[in-house]
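Residue numbers (the numbering used here): 117 to 348. Each residue gets a CB set at the ideal place from its N, CA and C atoms; glycine is no exception.
The following block contains the structure:
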C-alpha cells in the first residue's frame, strides 16, 4: 500500500499496490499532491485532478493523462516522453526543461504554461491552446502544431526545424532567432509576429494574412529557399 501525501504532509490518497508504475489512478483526487521524483511510468491518470501538484523530476513516460487537470502543477524536469496528454488542462503549469518528446498533447490547454527549454520533439500538439505560453529555447523538432493557437506565445530561440505549423495561429507571437528551417507555415496566421533573426531556410511561409510589411518583423531573417505566399 502506498500513501500519497499533499505538500503539507497530509495523506490524500491511498493506492493499493507496491508501486506507482502502471498504477491505475484514473479520476483520482490528487490536488497539491507531493509526487516529487515519483515513478509513474505507464500509470493511468485519466481524468485525475493534479491541480497544484508537485511533480518535479517525476517519471511519467507513456503515462495516460487524458483529460487530466494539471493547472498550476509543477512539472519542472519531469519525463513525459510518449505520454498521453490529450485534452489535458495544463493552464499555468511549470514544464521548465520537461521532456515531452513524442507526447500527444492534441487539444490540450497550455495557456500561460512555462515550457522554457522543454523537449517536444515529434510531439503532437494539434489544436492545442498555447495562448501566451512560454516556449523560449524549446525543442519542437518535427512537432505537429497544426491548428495550434500560439497567439502571443514566446518562442524566442526555439527549434522548429521541419515542424508542421499548418493553419497555426501565431498572431503576435515572438519567433525571434527561431530555427524554422524546412517548417510548414501554410495558412498560418503571422500577423504582428516577430521573426527577427529567424532561420526560415526552405520553409513554406504564408503571408496572405499580413496586410503590410509593418505587420510582421522579418528583420535579419534568413529566407534562403523559402516558398513565400503573399496576397495578390
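Alpha-carbon to alpha-carbon, residue j and residue i
i	j	result
residue 350	residue 301	Because the chain spans 117 through 348 in this model, residue 350 falls outside it and cannot be assessed.
residue 203	residue 225	7 Å
residue 265	residue 117	42 Å
residue 218	residue 310	27 Å
residue 280	residue 260	5 Å
residue 368	residue 144	No answer is possible for residue 368: it lies beyond the span of the chain, which begins at 117 and ends at 348.
residue 167	residue 201	15 Å
residue 151	residue 314	39 Å
residue 303	residue 243	14 Å
residue 137	residue 195	14 Å
residue 122	residue 326	49 Å
residue 298	residue 255	15 Å
residue 295	residue 251	13 Å
residue 189	residue 161	14 Å
residue 257	residue 234	11 Å
residue 289	residue 132	46 Å
residue 269	residue 275	14 Å
residue 154	residue 340	47 Å
residue 159	residue 142	9 Å
residue 222	residue 319	23 Å
residue 307	residue 293	17 Å
residue 214	residue 277	19 Å
residue 128	residue 271	38 Å
residue 125	residue 148	10 Å
Identity of the residues DSSP links to residue i by a beta bridge
i	result
residue 119	130
residue 263	According to DSSP, which records beta bridges pairwise, residue 263 is partnered with nothing at all.
residue 345	322
residue 145	165
residue 310	290, 333
residue 275	255, 295
residue 140	160
residue 175	155, 195
residue 301	321
residue 340	Answer is none; residue 340 lacks a bridge partner.
residue 170	150, 190
residue 235	215, 255
residue 185	165, 205
residue 270	250, 290
residue 280	260, 300
residue 242	Per DSSP, none; premise fails for residue 242.
residue 180	160, 200
residue 285	265, 305
Cβ-Cβ separation, residue j to residue i (assumed contact under 8 Å), whole Å
i	j	result
residue 323	residue 345	6 Å
residue 312	residue 333	5 Å
residue 267	residue 285	5 Å
residue 184	residue 156	That belief does not hold up - the Cβ atoms of residue 184 and residue 156 are roughly 11 Å apart, past 8 Å.
residue 238	residue 262	About 14 Å; that fails the 8 Å criterion.
residue 232	residue 253	6 Å
residue 211	residue 199	The pair is not a contact, with the Cβ atoms about 12 Å apart (cut-off 8 Å).
Min CB distance residue i to chain B below 8 Å
i	result
residue 246	No chain B is part of this structure, which consists of one protein chain only.
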